[in-house]
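So the structure is just underneath, and the comments pick up after that.
Rendered as structure tokens:
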């Protein structure tokens, strides 16, 4: 009963974000002006940004496959459908409810253990948050925090090997985590996953920041700050459906102290959000088709 109440409450809050966004946008935004912003973007630039975002989805597939390959014998295409569908479900559902898709699909489609896939997901989310913080500090140093932010970001990057070493040592010595030791047995595995995560976010956010800069006539460093925080808002436990409302707020609020017009910022955020929604659903449809075409892994799928 308590779980149903929490689910209903989360859904109500998520719908509230959407309703609030639509009410505010209808009162303050000229929809024709919002759509006309796309005329500033050339077809080649749009295709390039789309290719970069889809590349980041492909890198996510490679990242999950590499993590699973430390313990399971799986083809990259077998993992692709699971990873792509998980990314889309995680994006569409509010309050991190979609994260359960990866362990569930990994178990039902790939016969990957729940504990292993859940540990993999948790580690990747930690890497995601770390890279988002590093990128934010780099670009915020120019507009908000000064040179100290750049120094902090480099300290975070340089300290990560020590953190990974300590995490690996603790997990290898713990009897409670025997099922996931293959994930951390070799330091090379953690390093590669960390570098892959940096590539994913660097490529994706570069495309989104460029779009925001062109569509909203923003300086590129300000566009980076807004898109980093907006995209990172999806990692928050409090989000709307498809991050609606929370994305726009996270995009706009950091730039308001720089004397931007709130309506213009929300217009830009909506355009970027629509682009993310379309590319995410497209990647998810590809993944769903792959799951329909590819047979389920046999129950005797071996481990390494």
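Residue numbers (the numbering used here): 1171 to 1474.
The beta-carbon is built from N, C-alpha and C at its ideal position, and this holds for glycine as well.
Predicted model only: the values in this text are computed from it and were never measured.
| Query | Result |
| --- | --- |
| What residues in its chain sit with their C-beta under 7 Å from that of residue 1250, if we drop five residues either side in the sequence? | 1231, 1457 and 1460 |
| Run through the region 1391-1464 for me and flag every whole alpha helix (DSSP H) of 4 or more residues, listed as ranges in chain order. | 1416-1422 and 1432-1463 |
| Measuring CB atoms only, is the region 1443-1450 touching the region 1230-1245, in the sense that at least three cross pairs come out at less than 8 Å? | no |
| Report the residue from 1301, 1384, 1453 and 1406 whose alpha carbon sits nearest the alpha carbon of residue 1435. | 1384 |
| Nearest CA to the CA of residue 1186: which residue from 1414, 1451 and 1422? | 1414 |
| Following the continuous alpha helix (DSSP H) through residue 1362, name the residue where it begins and the one where it ends. | 1357-1386 |
| To the nearest angstrom, report how far apart residue 1257 and residue 1409 are at their CA atoms. | 15 Å |
| Quick one: what's got a C-beta closer than 7 Å to residue 1224's C-beta in the same chain, skipping five residues either side? | 1449 and 1453 |
| Please return the same chain residues whose Cβ sits closer than 7 Å to the Cβ of residue 1464, not counting the five positions on each side in sequence. | 1247, 1248 and 1251 |
| How far does the alpha helix (DSSP H) with residue 1242 in it extend, from its first residue to its last? | It is not in any alpha helix (DSSP H) - residue 1242 carries neither H nor E in the DSSP assignment. |
| With DSSP as the reference, label residue 1214 as helix, strand or coil. | helix |
| Quick check on this structure: which residue in 1282, 1367 and 1425 has the alpha carbon closest to the alpha carbon of residue 1299? | 1367 |
| In terms of residues, what are the limits of the alpha helix (DSSP H) holding residue 1296? | 1284-1310 |
| Once DSSP output is grouped into helix, strand and coil, what is the label at residue 1470? | With a pLDDT of 45 at residue 1470, under the threshold of 50, the modelled position of that residue is not reliable, and no figure is offered here. |
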